[in-house]
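Comments concern the structure below.
Okay, structure coming up:
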């Protein structure tokens, strides 16, 4: 499977990655300086309110918060795609940083492929089905 982006597009994605990392660092600094309740940021899930079952995104906010606290297992249990995304992002950023610092002598930069998005979609679908089956069949409420 061939990459679908040019070198220029890859470089733009890399720069965007650093911008997102910077924004996350600023947000983390602001929330440390001004402690806020998590409920301020989270709105009720309409799907949950109407059906009593989880939507595909349920647990995402909790997973992000757990990941920022360093609770990787808890983050994975809340929503596995958050950990997957963090790993893919870290791998992409580190590999491209190595490639750019060596001026291309070590061409180890991870290339964008649609497969990474398909895997994320599969993870979301699988966790949604499993989570709701556990609730429907065995009455196990994960979140």
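Numbering (the numbering used here), first residue to last: 690 to 832. From the three backbone atoms N, C-alpha and C, an ideal C-beta is built for every residue, glycine too.
Classification of residue i by the beta-carbon crowding that lies within 10 angstroms, buried from 16 upward
i: residue 756; result: buried
i: residue 727; result: Interpretation of residue 727 is limited by its pLDDT of 49, a score under 50 that renders its predicted location unreliable; the figure taken from the coordinates is listed afterwards. By the 10 Å Cβ count, residue 727 comes out exposed.
i: residue 695; result: exposed
i: residue 794; result: exposed
i: residue 693; result: exposed
Check whether residue i and residue j have beta carbons under 7 Å apart
i: residue 749; j: residue 768; result: yes
i: residue 843; j: residue 744; result: No statement about residue 843 is possible, as the shown extent of the chain runs from 690 to 832 and does not include it.
i: residue 813; j: residue 773; result: no
i: residue 762; j: residue 809; result: no
From the options, residue whose alpha carbon lies closest to that of residue i
i: residue 802; options: 791, 777, 747 and 823; result: 777
i: residue 821; options: 758, 742, 698 and 781; result: 742
Contacting residues, own chain, Cβ-Cβ under 6 Å from residue i (five flanking each side not counted)
i: residue 817; result: 745
i: residue 703; result: 785
i: residue 781; result: 799
Between the CA atoms of residue j and residue i - distance to the nearest angstrom
i: residue 737; j: residue 831; result: 13 Å
i: residue 783; j: residue 796; result: 12 Å
i: residue 766; j: residue 823; result: 13 Å
i: residue 800; j: residue 792; result: 16 Å
Other residues of its chain near residue i: CB distance less than 7 Å, five sequence neighbours each side excluded
i: residue 815; result: none
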